[in-house]
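First up is the structure itself, then whatever we jot down about it.
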Amino acid sequence: MTTLAVVGAGAKAVAVAAKASVLRAMGVDTPDVVAVERTGVAANWQAGGGWTDGAQSLGTSPEKDVGFPYRSSLVPRRNAELDERMTRYSWQAYLIATGQFAQWIDRGRPAPTHGRWGQYLRWVAERIDMTVVYGEVDRIALDGRHWVLHTPSAPCTPTG
């Protein structure tokens, strides 16, 4: 199987890696997903990432999580199963696992802070055992039929 490299370990990388993990668990041939990240999973959602102080409210509904919109069309006759399995990595599943669900509901389902959203993304990444290669991509080149992502320290060559 091939490898899919994603530059940055943000929300989209976590969502793609989660979907690939679930598909693989269902026995579907799926690329390995590798995120090449300079700092850490969901780093730009934290104060130290340089894009936010972490205290700002998320601008979209947190129900638009890594599985949203839960209308898969990748596995004929098994898409409902795929969507159900993705709910295991939903915002609500995170809140339940961390003992925060009832409070979130009772408080009117407030938007999480950027920092809390980053915690949720890291929670998903940990549960799916997301592969992250640490480094900053400074060049992308084509080597035959494969892309090679270069970091200042070494090339990151996805195989496949």
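Residue 183, in our numbering, is where the sequence shown stops; the numbers in between run on with no holes. We put the beta carbon where it would ideally sit given N, CA and C, even for glycine.
Selected residue, minimal CA-CA separation from residue i, among the options
i	options	result
alanine 34	Gly50, Lys42, Ala65 and Ala164	Ala65
glutamate 104	Leu172, Lys42 and Arg168	Lys42
tyrosine 157	Leu144, Arg150 and Leu172	Leu172
proline 175	Thr26, Arg61, Leu27 and Leu46	Arg61
arginine 111	Leu27, Asp55, Trp74 and Leu144	Leu144
glutamate 149	Gly63, Arg100 and Arg168	Gly63
arginine 47	Met153, Gly122, His169 and Gln79	Met153
phenylalanine 91	Gln123, Asp76 and Met109	Met109
Close beta carbons around residue i, own chain, < 6 angstroms, minus the five adjacent residues each side
i	result
alanine 58	Val29, Ala32, Ala36 and Val155
leucine 81	Ala134, Pro135 and Trp140
histidine 95	Note that residue 95 corresponds to serine in the displayed sequence, not to histidine. So the qualifying residues of the chain are Asn102, Leu105 and Asp106.
tryptophan 127	Leu118
Beta-carbon gap between residue i and residue j smaller than 8 angstroms
i	j	result
aspartate 106	tyrosine 117	no
Whole-number beta carbon distance between residue j and residue i, since they are thought to touch under 8 angstroms
i	j	result
alanine 70	glycine 138	7 angstroms
valine 89	valine 51	Their Cβ separation, rounded to whole angstroms, is 18 angstroms, which puts valine 89 and valine 51 out of contact at 8 angstroms.
serine 44	isoleucine 151	4 angstroms
Cβ-based neighbour list, residue i, same chain, cut-off 7 angstroms, excluding 5 preceding and 5 following
i	result
tryptophan 114	Pro85, Glu86, Asp88 and Tyr143
valine 147	Val37, Ala41, Val89 and Tyr112
Practice problem: Scan the segment 106 to 179 and note each continuous alpha helix (DSSP H) run of 4 residues or more that stays entirely inside, going in chain order. | Solution: 114 to 120, 124 to 129 and 137 to 150
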